[in-house]
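Colleague: Going by the numbering used here, the sequence shown opens with residue 0, and the numbers climb by one from there.
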Amino acid sequence: MVQHPPETRALAALLARYRQPDDARGIFELVITAVPFSVIWALMLVGVVRGHGIGLLLALPAAGLLVRLFMIQHDCGHGSFFRNRLANDWIGRAIGVFTLTPYDYWRRNHARHHASSGNLDHRGSGDIDTLTVSEFAAQSRWRQILYRLYRHPIVMFGVGPTYLFILRHRLPIGMMRNGWQPWLSTMGTNVAIAVLVAGMIRLVGLGPFLLVHLPIMILAASIGVWLFYVQHQFVNTSWSRDEAWSFHEAALYGSSHYHLPWVLRWFTANIGVHHVHHLCSRIPCYRLPDVLRDHPELANVGRITLVQSLRCVPKALWDEKERRLISFRDAEIGLVARHKGTQSNGSVAGPGIRRLNS
0 MVQHPPETRA LAALLARYRQ PDDARGIFEL VITAVPFSVI WALMLVGVVR
50 GHGIGLLLAL PAAGLLVRLF MIQHDCGHGS FFRNRLANDW IGRAIGVFTL
100 TPYDYWRRNH ARHHASSGNL DHRGSGDIDT LTVSEFAAQS RWRQILYRLY
150 RHPIVMFGVG PTYLFILRHR LPIGMMRNGW QPWLSTMGTN VAIAVLVAGM
200 IRLVGLGPFL LVHLPIMILA ASIGVWLFYV QHQFVNTSWS RDEAWSFHEA
250 ALYGSSHYHL PWVLRWFTAN IGVHHVHHLC SRIPCYRLPD VLRDHPELAN
300 VGRITLVQSL RCVPKALWDE KERRLISFRD AEIGLVARHK GTQSNGSVAG
350 PGIRRLNS
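Structure, rendered in structure tokens:
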């Protein structure tokens, strides 16, 4: 690991003064999220029971509120929402029952993501799987097809999020060597979910429960994965090999500032200020706007708008030479150009280029 550049290290130290949580503010933020979610859920149930399908339109704001609950859980995992660690942990665990996320297991995995974000030699901890151009070219044709499917928008933002939250979070896959705690967290959350779901089905019936909660959960899962995707999978993000990687540089330049309209900023609990969050993860979500207000120079670092974020979807491969994310098509064009260049010099193209264009 290289020494931290002075400017980013000094900035991280400067931001430490925003880390102090405000318990009253935390309670307020929790209440204005959980209460509206409960009210909208009840209104949707009334609509379903009375046969008013239009009530399902409320699934969108309900999903937004569920995303906001997840972001509160996220802050609890960083120990930044309340001053007391036990308050953070138990509120986080309780919210995890509603977001279908085993809190302690997720917290540990997310901490690994923060510790290695942007490091090409330590991928796979809470990240969107990302291959370099050369790695993709070296894959077999079957593995290339699987990676293309994984990166397809229908899988990435549709099937994938539903699988992640409803199925994969039920077992701590990949945490077998970390002892009993991930299993205890996951199984405890599963039991609490089963009790809650059984109680709700007994109270309102299986059909109405599924008609109300399933659309909310699916929408919230897709929104959550989209946010995480845009926070790190933008064109000018930063990835480096281990010898050139710096925590502070990767935090500030490898995470985006997703500049959303104010309504969406509220529903997403300011998580779009992700570069600041990665630089100082103990800052509560309700204090992130204060950082941009006091340090306006940070507003344009990694800034992307809602419209610009849509252009991030095709970017699926990291070009180590150009140091940017590119699409499969761009990779093919680039490799074909290099192939022609080697031919003009009398060289023979390697198998990787043939595989990429197969």
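Positions of the beta carbon are idealized from the N, C-alpha and C atoms, including for glycine.
What you are looking at is a predicted structure, and each value in this text was computed from that prediction instead of being measured.
Tell me which residues share the same chain as Cys284 and place their Cβ nearer than 7 Å to its Cβ, disregarding the 5 neighbours each side in the sequence.
Modeller: The answer, listed in chain order, is Met70, Asp74, Ala268, Asn269, Ile270.
Colleague: Taking a contact to mean a Cβ-Cβ separation below 9 Å, would you say Trp105 touches Gly117 in this structure?
Modeller: Cβ distance not < 9 Å, so Trp105 and Gly117 don't count as in contact.
Colleague: Once you ignore the five residues that flank Gln19 on each side, which residues in its own chain have a CB closer than 7 Å to its CB?
Modeller: No residues qualify anywhere along the chain.
Colleague: Using C-beta distances below 7 Å, list every residue in its chain close to Pro160, excluding the 5 sequence neighbours before and after it, in chain order.
Modeller: Ala220, Ser221, Gly223, Val224, listed in sequence order.
Colleague: Given a cut-off of 9 Å on the beta-carbon distance, is the pair Ser308 and His277 in contact?
Modeller: Against a cut-off of 9 Å, the Cβ pair of His277 and Ser308 comes out as no contact.
Colleague: In chain order, what residues of the same chain have a beta carbon less than 7 Å from the beta carbon of Ala15, not counting five sequence neighbours either side?
Modeller: Hits under 7 Å: Cys279.
Colleague: How do the stretch 81–92 and the stretch 287–299 stand: do at least 3 beta-carbon pairs fall below 8 Å, yes or no?
Modeller: Touching, no.
Colleague: If contact is defined by three or more beta carbon pairs under 8 Å, each pair taking one atom from either stretch, is the stretch 300–314 in contact with the stretch 246–261?
Modeller: The stretch 246–261 vs the stretch 300–314: in contact.
Colleague: By the DSSP assignment, the alpha helix (DSSP H) with Thr267 in it spans what residues?
Modeller: From DSSP, Thr267 is part of no alpha helix (DSSP H); its letter is neither H nor E.
Colleague: Does the stretch 62–69 come into contact with the stretch 28–47, if we say contact requires no fewer than three beta-carbon pairs (one atom in each stretch) closer than 8 Å?
Modeller: With the cut-off at 8 Å, the stretch 62–69 and the stretch 28–47 touch.
Colleague: Should Phe80 go down as buried or exposed, given a rule of 16 or more other Cβ atoms within 10 Å for buried?
Modeller: Buried: at least 16 other Cβ atoms inside 10 Å.
Colleague: Let's test the definition: count the other Cβ atoms within 10 Å of the Cβ of Phe97 and tell me whether it reaches 16, buried, or not, exposed.
Modeller: Classification of Phe97: buried, given that the 10 Å Cβ count is 16 or more.
Colleague: From Val48 to Ile215, what does the alpha carbon distance come to, in whole angstroms?
Modeller: Roughly 17 Å separates the two Cα atoms.
Colleague: If you draw a straight line from the alpha carbon of Gly157 to that of Ile165, how long is it in whole angstroms?
Modeller: Their Cα atoms are separated by approximately 13 Å.
Colleague: With distances taken Cα to Cα, identify the nearest neighbour of Trp238 among Val190, Leu145, Leu119, Gly78.
Modeller: Nearest C-alpha to Trp238: Leu119.
Colleague: For Ala250, which residues of its own chain have a beta-carbon under 6 Å away from its beta-carbon, when the five flanking residues on both sides are left out?
Modeller: Cβ neighbours of Ala250 beyond the five flanking positions: His277, Leu278.
Colleague: CA-CA distance, Trp182 and Leu29?
Modeller: The straight-line gap from Cα to Cα measures roughly 27 Å.
Colleague: Out of curiosity, what's the CA-to-CA distance linking Leu210 and Leu148?
Modeller: In a straight line, the C-alpha of Leu210 is about 29 Å away from that of Leu148.
Colleague: Considering only their Cβ atoms, is the gap separating Trp317 from Leu145 smaller than 9 Å?
Modeller: Cβ atoms of Leu145 and Trp317: not closer than 9 Å.
Colleague: Relative to the C-alpha of His151, which candidate in Ala137, Asp128, Ser133 has its C-alpha closest?
Modeller: Nearest option by C-alpha distance: Asp128.
Colleague: Could you tell me whether the Cβ atoms of Tyr17 and Ile282 are closer together than 9 Å?
Modeller: Yes. Within cutoff.
Colleague: Quick check on Gln72: buried or exposed, where buried means 16 or more other Cβ atoms within 10 Å of its Cβ?
Modeller: Burial call: buried.
Colleague: If you draw a straight line from the alpha carbon of Ala61 to that of Leu42, how long is it in whole angstroms?
Modeller: Taking the straight line joining both Cα atoms gives about 10 Å.
Colleague: Using a threshold of 9 Å, state whether the C-beta atoms of Leu13 and Pro207 are closer than that.
Modeller: No, they are not a contact pair.
Colleague: Cβ of Trp40 within 8 Å of any heavy atom in the ligand FAD?
Modeller: Absent from the structure shown: the ligand FAD. Ligands present: none.
Colleague: Pick from Arg111, Gly50, His109, Val132: whose alpha carbon is nearest that of Lys320?
Modeller: Residue Val132 is the option with its Cα nearest to Lys320.
Colleague: Can you give me the C-alpha to C-alpha distance between Arg8 and Thr188, rounded to a whole angstrom?
Modeller: Arg8 and Thr188: Cα-Cα distance of roughly 38 Å.
Colleague: Considering only the alpha carbon of each residue, which of Val306, Leu305, Val272 lies closest to Arg292?
Modeller: Looking at the Cα atoms, Val272 is the closest of the given residues.
Colleague: Kindly indicate which three-state DSSP category Ile90 falls into: helix, strand or coil?
Modeller: Helix.
Colleague: Can you give me the C-alpha to C-alpha distance between Gln232 and Val306, rounded to a whole angstrom?
Modeller: Those two C-alpha atoms are separated by around 15 Å.
Colleague: Apart from the five residues on each side of it in sequence, which residues of its chain come closer than 8 Å, Cβ to Cβ, to Arg122?
Modeller: Excluding positions up to five away in sequence, the list reads Ser115, Asp128, Thr129.
Colleague: Let me know if Ala197 comes out buried or exposed under the rule of 16 or more other beta-carbons within 10 Å of its beta-carbon.
Modeller: The residue is exposed, with fewer than 16 neighbouring Cβ atoms inside 10 Å.
Colleague: What is the C-beta distance between Pro260 and His168, in whole angstroms, given that I count them as a contact (C-beta under 8 Å)?
Modeller: Between His168 and Pro260 the Cβ distance is about 30 Å, and since that is not below 8 Å, they are no contact.
Colleague: Does the beta-carbon of Gly63 have 16 or more other beta-carbons within 10 angstroms, so that it is buried, or is it exposed?
Modeller: Buried, because 16 or more other Cβ atoms sit within 10 Å of the Cβ of Gly63.
Colleague: Can the beta-carbon of Gln180 be found less than 9 Å from the beta-carbon of Asp126?
Modeller: Going by C-beta atoms, Gln180 is not nearer than 9 Å to Asp126.
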